[in-house]
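Read the structure below first, then the notes.
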Amino acid sequence: MRTAIVWFRRDLRLADNPALAAACATHDRILALYIHAPHEEGGWAPGAASRWWLHHSLASLQAELQRMGVALHLRLGDSLAVLQELIRECGATSAYWNRLYEPAAIARDAGVKSALRNEGVEVHSFNAALWREPWQIETRECGPYRVFTPYWRALREQLGKPKFLPAPTVMRGVPVAGGLPLEALGLLPDLRWDAGLASSWKPGEQGAGEWLDIFADDAVGDYANARDLPARHGTSRLSPHLHFGEISPRQIHRRLADRAAATDARRRPDLEPFLRELGWREFAHHLLYHFPQTPTVNYNSRFDGFAWSADSEALQERWQRGRTGVPLVDAGMRELWHTGWMHNRVRMIVASFLCKNLRQHWLHGARWFWDTLVDADLANNSLGWQWVAGCGADAAPYFRVFNPVTQARKFDPEGHYLRRWLPELAQAPLPLLHEPWNDPALLRSSGYPAPMVDLAGSRDAALVAFREMRRDERRDED
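First residue of the sequence shown? That's 20 in this note's numbering, and the numbers climb one at a time after it.
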């Protein structure tokens, strides 16, 4: 009987899984395999929050496969060595997987594919994570896009009626010895700080579908407005499910399109604002593929001369703990620590505060988000931090400095978000909730800290640094 290995990575689902569907269609038996190999991640092994999610997502996939009569074989070690060993043991003639787009994964997969093919094994890889591959959207000059809006126009023109593959109805596994229990991968924290994550999320394909149903039924119609309000569930909250491949953009697009088509025309939701956000995710992968250095290097090299302040662990720690004395920044950082997630607008504000008010290098923030976000994604994380810092693609104006007080008044006008995450200020009157430093007695009684920097003065200092960078740049050109 023909046997194939299906190598699961960040495609932890049964539906719309091209590698799984192709293997089941052409082989009698499959070995479902997951290899935990953090040393192959090129310095970006999953952080603590991502490992927590991965553990539970794998548990969900195990259960779904078990219902189909197939075991999920778990291993630790070098991917190529594990694949070669299992190919020998089960007599597999083919290996199937879905593509990843991080630089280290691309290099690793190319080496694995070449080695297996040299040994006579058929290898097939597929796109399961994106609408279009990063190399499929090109400018008229056959180069990569560097600005989002024209990229989105080009991508949007290629998106027809969304289609996706159903989950296989029949699978037959192959027994192989040597698999590990899930706990042996060591993904969960030794000190169980994860209660907030467990109460906030349901990792796995089923959880992804439930969140999509909630969003499609309740929130997508008001997405353009509600997405900016951190106190409301106005966003999809699908980002971690997308990152781990528990759901695909094609599935999301199809569900929303079907929901819109079934709605009376007078109340039909406008899907474009949300689809555009999925397009931003695609743009991030497009940039990472074409500019693989951007997780650690300025996309815009002019920022190589920017005058960052000296690295300060003390400043960074107060920012990480949500003790900056600036309410919206602190609320966001505490939401992150408790739930492994942060509202998108608040992400921009806390990043702006770190990079521009504190003038700490954006990579410090990128590394902290990488460790604490359940949706930590190298493409999105790199693009987002560089965009806010001003050195990234499409970062116009690069000198923008978000004012966290103004942003809180505009997007959390009643203070519901601040009161939720800053319990020591929950009883403060609204004007003081936004600016508690105006009442020293409130700071003393609540224990809330005074601001670590003056917002106006630090903004001015950042703008001076931007002007000096431009002067130095012009001087070098002369």
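Every residue, glycine too, gets a C-beta built ideally from N, C-alpha and C.
Where residue i falls: helix, strand or coil (DSSP)
i    : result
V142 : strand
N317 : coil
A51  : strand
Y164 : coil
L105 : helix
G66  : coil
G384 : helix
G88  : coil
G351 : helix
G61  : coil
G298 : helix
G324 : helix
N- and C-terminal bounds of the beta strand (DSSP E) containing residue i
i    : result
V25  : T22 to F27
N137 : That residue, N137, is in no beta strand (DSSP E); its alpha helix (DSSP H) goes P122 to N137.
H46  : Where H46 is concerned, there is no enclosing beta strand (DSSP E), given that its DSSP letter is neither H nor E.
A114 : S113 to N117
Rounded C-alpha distance that separates residue i from residue j
i    : j    : result
G264 : T391 : 19 angstroms
R99  : K132 : What sits at residue 99 in the sequence shown is Leu, not Arg. Whole-angstrom Cα-Cα distance: 9 angstroms.
L216 : L373 : 24 angstroms
T22  : L105 : 11 angstroms
E152 : Y318 : 21 angstroms
L119 : I125 : 7 angstroms
S371 : A123 : 29 angstroms
M471 : W404 : 22 angstroms
T168 : L84  : 41 angstroms
G130 : C410 : 33 angstroms
N400 : M20  : 44 angstroms
W171 : A245 : 22 angstroms
R165 : E301 : 13 angstroms
L294 : E454 : 36 angstroms
M352 : L207 : 22 angstroms
G96  : W299 : 34 angstroms
Q339 : Y436 : 18 angstroms
R29  : Y53  : 10 angstroms
H262 : R428 : 32 angstroms
L297 : R463 : 45 angstroms
A484 : G223 : 45 angstroms
From the options, residue whose alpha carbon lies closest to that of residue i
i    : options                   : result
D396 : W63, T168, H55 and S465   : W63
A44  : A447, P187, K375 and A484 : P187
P442 : E354, Q270 and E157       : E354
A227 : L382, G434 and H75        : H75
D289 : E332, I266, Y242 and V407 : Y242
R321 : R94, E487 and H143        : E487
D47  : A412, W154, V189 and F310 : V189
F183 : A250, P37 and R493        : P37
E229 : G198, A41 and R256        : R256
A114 : A40, W72 and R478         : A40
R287 : D236, R32 and A326        : D236
K4   : P314, R273 and G61        : Because the chain in this structure spans residues 20 to 497, residue 4 falls outside the shown range and cannot be described.
Residue span of the alpha helix (DSSP H) that contains residue i, given as start and end
i    : result
R94  : No alpha helix (DSSP H) holds R94; the beta strand (DSSP E) holding it covers L91 to L95.
S371 : N363 to S371
D226 : What sits at residue 226 in the sequence shown is Gly, not Asp. Looking at the DSSP string, the run of the alpha helix (DSSP H) that includes G226 is E224 to I233.
H252 : Premise fails: H252 is in no alpha helix (DSSP H) and is neither H nor E.
S218 : A214 to S219
Q335 : E332 to R340
L261 : S258 to H262
A243 : Y242 to A245
Beta carbon proximity, residue i to chain B, threshold 8 angstroms
i    : result
P122 : Judged by its chain identifiers, the structure shown contains no chain B, having just a single protein chain.
Run through the region 399-483 for me and flag every whole alpha helix (DSSP H) of 4 or more residues, listed as ranges in chain order. Entirely contained in the region 399-483, the alpha helix (DSSP H) runs reaching 4 residues are, in chain order, 423-430, 435-440, 449-453 and 459-465.
Of all the alpha helix (DSSP H) runs that stay within the bounds of the region 264-295, which reach a length of 4 or more residues? Whole alpha helix (DSSP H) segments, 4+ residues: 268-280.
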